[in-house]
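Line by line, the protein sequences give chains S and X.
Per my numbering, the very first residue in the first sequence carries number 976; after that it's consecutive.
Per my numbering, the very first residue in the second sequence carries number 976; after that it's consecutive.
There are 2 protein chains.
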Amino acid sequence: MTNRKEVAKLAGVSEATVSRVLNGIGPMKESTRERVLQAAKQLNYELNAVASSFARGRSGNLGVVLPHVPKVHLFSTYYFSELLGGIGEAVHSRGYGLLLLFRDPTSVYDYVSLYRTQRVDACIILGSSAAEEEKQAVHRLADERLPFCVMDQRFDHPLLNIVAADHEQGSYDAVKHLIGKGYRRIGFLNGAPQYSNSRDRMAGYRRALLEAGIAEDDTLVYEGNYSRTSGRRAASLVHRDLGRLDAIFVGNDRMAIGLMQGLRELGCSLPDDLKIVAYDDSDAASFTEPPLTTVRVPFYEMGRLAADRLLTQLADKDKSDAPAALIREKLPTELVIRKSSGN
Amino acid sequence: MTNRKEVAKLAGVSEATVSRVLNGIGPMKESTRERVLQAAKQLNYELNAVASSFARGRSGNLGVVLPHVPKVHLFSTYYFSELLGGIGEAVHSRGYGLLLLFRDPTSVYDYVSLYRTQRVDACIILGSSAAEEEKQAVHRLADERLPFCVMDQRFDHPLLNIVAADHEQGSYDAVKHLIGKGYRRIGFLNGAPQYSNSRDRMAGYRRALLEAGIAEDDTLVYEGNYSRTSGRRAASLVHRDLGRLDAIFVGNDRMAIGLMQGLRELGCSLPDDLKIVAYDDSDAASFTEPPLTTVRVPFYEMGRLAADRLLTQLADKDKSDAPAALIREKLPTELVIRKSSGN
DNA sequence: ACAATTAATGTACGCGTGTACATTATGGCA
DNA sequence: TGCCATAATGTACACGCGTACATTAATTGT
């Protein structure tokens, strides 16, 4: 592998000059520049990224931490796929590397270690929850003022970067849509409350009911874990309560799809027997039968935004030593009306 | 950030000893080992991955190259998502980093550069095609004996690592299934022929027809690009030919879903008017209406296998200098029968 | 024409680790 | 006890690059 020294020799300049030409630093004679580039080209030389990182003291990588459960094919879920796509877009356009980091959700993850070992310059945390150890781990990160951003999960730390969608409003819109159609007995199949976005959905659901003067009925609130299987499991409970339900709001499309499959197996006719509004507007939502009325969430955009803002923070920190501006984004959602909520 | 020197001082040993303890190299006194580990712990010391990579001359990263088209949310496709998940599994379990590399499919990608810049120790190429420049770029990689593996795309280079699925057989099985049900006028909506797996599907389709003594009819072969949109576009052509078609074999689920949507809009009743067998067995296949009969492809497993074999190659190369064993895997597919191919 | 700038380039070193080689401790054995 | 093999540790340097600082060349202003 050819290195800087050889290029310098061939071009008849010092190594420093080679470095400057390659990094475009300081004034230089055009003729020198050309000689160096010519020599580099002739020798097939390219900067060694590892050595460069080492000398700079930065890895040049943005890390994306995501929960990894063996046998669960995580990437296939719309949520993570879209977020990752958006992050990739931003990272790519800014010349950074994108390092995927898998964490075992059943044990505590030492985020700080990523920085100590200098594997990443910053990171984005996906699928984070409010579990106590997780909360502590994330707060520690913020306490140390390390550059990172949490996706779609609230924490009450003043220095914590967050990009999220407005799930409270999204849920409110969803339930209000049902109410507007005249349905009043509205159930809710939610995800686990350890995610703040689940709690936000609950808040939106309640607000809509309250506003319409509809009494809440705890027995019509069901809990799943955002998987299709859990939706299917909920089907028997929902089926049992069908006499008390006009409609149901479901925390994401996957659960809704599972629920629909389960209900149909139990002999239901949809949307006649039950109106459904789901959440995410994943690809699948448009081709279920009936197609899902669902809340579109700009996951791709959220990923892009988080990465972009984070990398901007990094660049700014090099220039000034002022504390970086906090990232606090809450993106709007949009109700997409299809057949599952009735005509 | 604390470094090796400080740990050495606190433990009262040389830096080399610290290094040996941390890497578990050579014989050492248990008491020394403990002193060093204790000191490291006390100082919150961890090996600097970048410096370590630099000294070793290896990045410690496996690269995954994937085509990146702005606005196309790549990760949402089952194909890439599953592959990536499998790769992640293997990489994670072997302590490597997983670097995502996006390439612009409209211009030539310099794979060799990844190695020259030492960004990766090996890489897996996804979504590769047989386009001439692409072929040359990949062959160059093989000529240089760089460690990499191509996914699901054949090249006729003797030193090229490939992990693929047996699409010829999978397609044969799919078409034979339709023939077995008594359908003889069978169309084919294929993906672009620049992918060898498209050509393999074509070969399987032909073999099944030939074996059944059915004359091929070129006018019943349609071409899409594996997107849902392209399937929908094909719907009008297929609809026009409906009088000459009993069934159609579709190159992947997404196109099949698009085709079904399009046909239904044109007033078709499925599966009555047309039997369909698709390909991939993505999540969506089970909840379309009717559910898709489709060919299951072990993408996750393919990804895991490719990464695992590649990293094994790397490890072996450190030990012996014998040329690494070629990776040539062709995994079996499996026909999953649902309603779309009739009862 | 000469000092004062500024441009252009060179010199020298640090970054934190891995590791070849040198050195010193330890224990076995005659 | 003395010798030797091996264990255990230390010394010293390379790895390729970025960059502070030093030096030399070119340009400007008067």
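Note that the Cβ used here is the ideal one computed from N, Cα and C, for glycine as well.
- Note that the C-beta distance between Arg-1203 of chain S and Arg-1229 of chain S is below 8 Å.
- Nearest to Tyr-1020 of chain X by C-alpha distance, out of S:Arg-1091, S:Ser-1104 and S:Leu-1306, is S:Arg-1091.
- For Asp-1255 of chain S, there is no enclosing alpha helix (DSSP H); the residue is part of the beta strand (DSSP E) that begins and ends at 1250-1255.
- Collapsing the DSSP output to three states places Thr-1268 of chain X in a strand.
- In the DSSP assignment, Lys-1314 of chain S falls outside any alpha helix (DSSP H), carrying neither H nor E.
- Neighbours of Ile-1232 of chain S across chain X, judged by C-beta separation under 8 Å: Phe-1262.
- Per DSSP, reduced to three states, the secondary structure at Leu-1306 of chain S is strand.
- Runs of beta strand (DSSP E) with 3 or more residues, each lying fully within the segment 1190-1241 of chain S, are found at 1196-1198 and 1222-1225, listed in chain order.
- Positions of the beta strand (DSSP E) runs, each at least 3 residues long and wholly inside the segment 1111-1146 of chain X, are given as 1123-1126 and 1137-1140 in order along the chain.
- Straight-line measurement puts the Cα of Ser-1261 of chain X at about 22 Å from the Cα of Gln-1144 of chain X.
- Gly-1162 of chain X is bridged by DSSP to X:Ile-1223.
- Each residue's CA atom was taken as its position, placing Arg-979 of chain X and Leu-1089 of chain S some 17 Å apart.
- Our two residues, Arg-1033 of chain X and Asp-1096 of chain X, have alpha carbons roughly 6 Å apart in a direct line.
- The alpha helix (DSSP H) runs of length 4 or more contained entirely in the segment 978-1062 of chain X are, from start to end of the chain, 979-986, 990-998, 1005-1018 and 1024-1031.
- Interface annotation for the segment 1077-1105 of chain X against chain S: Phe-1077, Ser-1088, Arg-1091, Thr-1092, Gln-1093 and Arg-1094, criterion Cβ-Cβ distance under 8 Å.
- One thing to note: Thr-992 of chain S has its Cβ within 8 Å of the Cβ of Thr-1007 of chain S.
- For Glu-1240 of chain S, no chain X residue has a Cβ inside 7 Å of its Cβ, as the nearest lies near 12 Å away.
- In this structure, DSSP gives Arg-1078 of chain X an extended state, which the three-state scheme calls strand.
- The closest CA to that of Lys-1151 of chain S, considering only S:Ala-1253, S:Ala-1030, S:Ile-1100 and S:Val-1066, is found on S:Ala-1253.
- The C-beta of Glu-1109 of chain X has 16 or more other C-beta atoms within 10 Å across all chains shown, which makes the residue buried.
- Check the Cα spacing between Arg-1181 of chain S and each of S:Leu-1195, S:Gly-1060 and S:Glu-1119: the tightest is with S:Leu-1195.
- Neighbours of Phe-1029 of chain X in chain S, taken as residues whose beta carbon is under 8 Å from its own, are Val-1025, Ala-1026, Ser-1028 and Phe-1029 in chain order.
- Boundaries of the alpha helix (DSSP H) around Ala-1178 of chain X: 1171-1186.
- Below the 8 Å Cβ cutoff, chain X contributes no neighbours of His-1142 of chain S, its closest Cβ being approximately 20 Å away.
- At least one beta carbon of chain X lies nearer than 8 Å to the beta carbon of Ser-1034 of chain S.
- Non-local C-beta neighbours of Ile-1312 of chain X in its own chain, meaning closer than 8 Å and more than five positions away in sequence, comprise His-1152 and Thr-1268, ordered along the chain.
- Using a Cβ-Cβ cut-off of 8 Å, Gln-1111 of chain S does not count as an interface residue toward chain X, since no Cβ of chain X sits closer than that to its own.
- Tyr-1275 of chain S sits away from Gly-1038 of chain S, with the two beta carbons spaced by 8 Å or more.
- Contact between Pro-1042 of chain S and Arg-1078 of chain S holds: CB atoms are separated by about 6 Å, below the 8 Å threshold.
- In the displayed model, Ala-1097 of chain X falls within a strand according to three-state DSSP.
- Annotation: Asp-1216 of chain X to Tyr-1086 of chain X spans about 44 Å, alpha carbon to alpha carbon.
- Put simply, the CB of Met-976 of chain S is near chain X, with a gap under 8 Å to one of its CB atoms.
- Going by C-alpha positions, Gln-1236 of chain S is about 17 Å away from Asp-1258 of chain S.
- Using a CB distance cut-off of 8 Å, Ser-1056 of chain S counts as an interface residue toward chain X.
- Counting every other CB atom within 10 Å of its CB across the protein chains shown gives Ser-989 of chain S a total below 16, marking it as exposed.
- Around the beta carbon of Arg-1120 of chain S, fewer than 16 other beta carbons sit within 10 angstroms, so the residue counts as exposed.
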